[in-house]
Amino acid sequence: MSLLTSKLSDEDRKKAHELFGVPEQFDEVADLMVHEEEWQVILLMGKEPMTEKELRKLMEKNRLAASPYVLINRMYSRNVLNKVTDADEPTWKISDFYSRYSYYAQFEYYEFGCLPRELIEALYDWQTEIYQSIYLPQVKAKVAGEGVYVHNQTYLTLEEFDKIIDGHHGSIHLVPCNCKSQKYFHDRKLNVCVNMNDGPNSAVDRGMGEPISPEDMKKKVREFNASGLMQNGEDGFICNCDGLCCFPMQMAYKAGSRLIYPESNWKIDWHEDECVNCGKCTKICNFGAFYKDDNRKVHYDVDKCWGCTICAPNCPKHAIHLLPREQKA
């Protein structure tokens, strides 16, 4: 039995959930993700931007915080509030359930993991559906030959990754992968994504992420690469993806976009005569392109290869080479 008494009526709670975009099937878990005083703030603000000066006055008037500054910044760090970047003075706007859920899984991972398995899986499926409704049309347009940009657009070799890191002159942070955090039931590494964006509303600006030097990040990514994670992205944010959890890969499977999205700049050139059948490539390949037969002999199926390139640097005998892929005009 809780010692706390709720000050939020059922009607107000329902209205706050509507403002925050909470799907009806997730009403109960939404109240774990968002604290009661945060729901009160959402009700006071509504959908419109509000200056920090106005917001502080409302918080004080309604006795929502002894320090409005602390509450505002806590709500920002938890992705319940967003900064309005084009205002003349500090201004805030409410976030939404879709965005808050991702942060809950990434940065409040233990509590998220205490949810029932069926709820965790339902949330992941819901997020996947919303994500694909936004980005899948762009991937399909890319497959059709249109020159559209889609995030996580290109697989990177370790050398290409190093070049991006060397050319970046701002902060670098290691953050948990939101896809892997939300999928939850797997044994993949979690704290693997490379965040080079510290602007307003970024995870770094919200106080999240582990600062890391360029050289240490390069070492980390080599560990991720050797464990079977694929480097994928561009300056600003680079993912270390896998074939099970990651939203971009699930979308690519659905679109049938092999070699187009994510784009691959390299072909795998396997020298079978140099292969010693150790099977390292078969263990880290996310697509089953390298596999062993019943006699433990390694084979390579080019039609299953997505060109992620992680097999090449991890072959102990250097039997896997990379050749530049011809680009479309």
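Sequential numbering of the sequence shown, starting at 1, is according to my numbering. Glycine included, each C-beta is placed from N, C-alpha and C at the ideal position. Bear in mind the structure is a predicted one, so any value in this text is a computation, not a measurement.
So what's Tyr155 in DSSP terms, helix, strand or just coil?
-> Reading the sequence shown from its first residue, position 155 is the one you call residue 155. If DSSP states are grouped into helix, strand and coil, Tyr155 belongs with the strands.
How many angstroms separate the CA atom of Asp27 from the CA atom of Ala255?
-> For the purposes of this step, residue 27 is taken as the residue at position 27 of the sequence shown. For the purposes of this step, residue 255 is taken as the residue at position 255 of the sequence shown. Asp27 and Ala255: Cα-Cα distance of roughly 32 angstroms.
Tell me which same chain residues have a C-beta within less than 6 angstroms of the C-beta of Ile164, skipping the five on either side of it?
-> The residue given as residue 164 occupies position 164 in the sequence shown. Here the set comprises Asp235.
If you drop the 5 nearest sequence neighbours on each side, which residues of the same chain put their C-beta closer than 6 angstroms to that of Glu272?
-> For the purposes of this step, residue 272 is taken as the residue at position 272 of the sequence shown. Correct list: empty, nothing qualifies.
Beta-carbon proximity of Ala65 to Glu36, cut-off 8 angstroms | Translated into the one-based positions of the sequence shown, residue 65 becomes position 65. Translated into the one-based positions of the sequence shown, residue 36 becomes position 36. No.
Endpoints, the alpha helix (DSSP H) within which Met75 is located | Numbered from its first residue, the sequence shown carries residue 75 at position 75. Its alpha helix (DSSP H) spans residues Pro68 to Ser77.
Classify Arg188 as buried or exposed, calling it buried when 16 or more other Cβ atoms lie within 10 Å of its own Cβ.
-> The count along the sequence shown starts at 1 and reaches residue 188 at position 188. Answer is buried; the Cβ neighbour count reaches 16.
Can you check whether the CB of Gly307 is closer than 8 angstroms to the CB of Lys292?
-> By one-based count along the sequence shown, residue 292 stands at place 292. By one-based count along the sequence shown, residue 307 stands at place 307. Contact flag unset, no.
Length of the line joining the Cα atoms of Leu32 and Leu4 = Along the sequence shown, one-based indexing puts residue 32 at 32. Along the sequence shown, one-based indexing puts residue 4 at 4. Near 14 angstroms, if we compare the C-alpha coordinates of Leu4 and Leu32.
Using a threshold of 8 angstroms, state whether the C-beta atoms of Asn240 and Cys193 are closer than that.
-> By 1-based counting over the sequence shown, the position of residue 240 is 240. By 1-based counting over the sequence shown, the position of residue 193 is 193. Contact flag set, yes.
Write down every uninterrupted run of the alpha helix (DSSP H) in the stretch 200 to 241 whose length is 4 residues or greater and which is fully enclosed by it, in chain order.
-> DSSP assignment within the stretch 200 to 241 yields the following whole alpha helix (DSSP H) runs of 4 residues or more, N-terminal first: 214 to 226.
Counting only the same chain and skipping the five closest in sequence on each side, list residues whose C-beta sits under 6 angstroms from that of Asn79.
-> As a working note, residue 79 is residue 79 in the sequence shown. Excluding residues up to 5 positions away in sequence, Ser95, Ser99, Arg100 and Tyr103 lie with their Cβ nearer than 6 angstroms to the Cβ of Asn79 in the same chain.
Excluding five sequence neighbours on each side, which residues of the same chain lie with their C-beta closer than 6 angstroms to the C-beta of Ala329?
-> Counting from one through the sequence shown, the residue named residue 329 turns up at place 329. Annotation note: pLDDT 35 at Ala329 (below 50); position unreliable, no value reported.
Provide the residue span of the beta strand (DSSP E) that contains Thr91, from first to last.
-> On the sequence shown, residue 91 is found 91 positions in, with the first residue counted as 1. Thr91 to Ile94 is the span of the beta strand (DSSP E), which, as asked, contains Thr91.
Bridge partners - His321, DSSP secondary structure assignment = The count along the sequence shown starts at 1 and reaches residue 321 at position 321. Answer is Asp269.
Measuring CA to CA, which of Asn82, Ser171 and Met230 is closest to Ser264?
-> Position 264 of the sequence shown, counting from 1, holds the residue named residue 264. With respect to the C-alpha of Ser264, the residue from Asn82, Ser171 and Met230 having the closest C-alpha is Met230.
May I have the straight-line CA-CA distance separating Tyr300 from Phe290, to the nearest angstrom?
-> Against the sequence shown, residue 300 aligns to sequence position 300. Against the sequence shown, residue 290 aligns to sequence position 290. When rounded, the distance between both Cα atoms is 5 angstroms.
For the candidate residues Arg56, Gln153, Val139 and Leu244, whose alpha-carbon lies nearest to that of Tyr184?
-> Translated into positions along the sequence shown, residue 184 becomes position 184. The shortest Cα separation from Tyr184 among Arg56, Gln153, Val139 and Leu244 belongs to Leu244.
Identity of the residue in Tyr135, Met50, Met59 and Glu159 nearest Tyr149 by Cα | Working through the sequence shown from its first residue, we reach residue 149 at position 149. The option with the nearest alpha carbon to Tyr149 is Tyr135.
Any non-hydrogen atom of the ligand GTP closer than 7 angstroms to Lys292 Cβ | By its list of ligands, the structure shown contains no ligand whatsoever, and the ligand GTP lies outside what it can speak to.
CB-CB under 7 angstroms to Phe247, same chain, minus the five flanking residues each way: which ones, in chain order?
-> Mapped onto the sequence shown, residue 247 falls at position 247. Listed in chain order, the non-local C-beta contacts of Phe247 below 7 angstroms within the same chain comprise Thr128, Tyr131 and Cys179, local neighbours out to five positions each way being set aside.
May I ask you to verify whether the stretch 108 to 123 touches the stretch 66 to 75, counting CB pairs closer than 8 angstroms and requiring at least 3?
-> Short answer: they don't touch.
Whose C-alpha, out of Thr154, Asn277, Ser181 and Ser171, is nearest the C-alpha of Thr309?
-> Position 309 of the sequence shown, counted from the start, is the residue given in the question as residue 309. Looking at the Cα atoms, Thr154 is the closest of the given residues.
Within 10 angstroms of its Cβ, does Val139 collect 16 or more other Cβ (buried), or is it exposed?
-> Position 139 of the sequence shown holds residue 139. The residue is buried, with at least 16 neighbouring Cβ atoms inside 10 Å.
Enumerate, from N- to C-terminal direction, the unbroken alpha helix (DSSP H) stretches of 4 or more residues contained entirely within the stretch 84 to 147.
-> Whole alpha helix (DSSP H) segments, 4+ residues: 97 to 107, 109 to 113 and 117 to 143.
Would you mind listing the alpha helix (DSSP H) stretches within the stretch 12 to 46 that are 4+ residues and don't spill past its ends, in chain order?
-> If only complete runs of 4 or more residues are kept, the stretch 12 to 46 shows the alpha helix (DSSP H) at 27 to 33 and 36 to 45, in order along the chain.
On the DSSP bridge assignment, give the partners of Lys283 in chain order.
-> Against the sequence shown, residue 283 aligns to sequence position 283. Answer by DSSP bridge pairing: none, since Lys283 is not bridged.
Check Asn195 in the structure and name its three-state DSSP category.
-> Against the sequence shown, residue 195 aligns to sequence position 195. In this structure, Asn195 counts as strand in the three-state DSSP scheme.
Span separating the alpha-carbon of His318 from that of Asn295 = Here residue 318 corresponds to residue number 318 of the sequence shown, with the count starting at 1. Here residue 295 corresponds to residue number 295 of the sequence shown, with the count starting at 1. When rounded, the separation of the alpha-carbon atoms in His318 and Asn295 is 22 angstroms.
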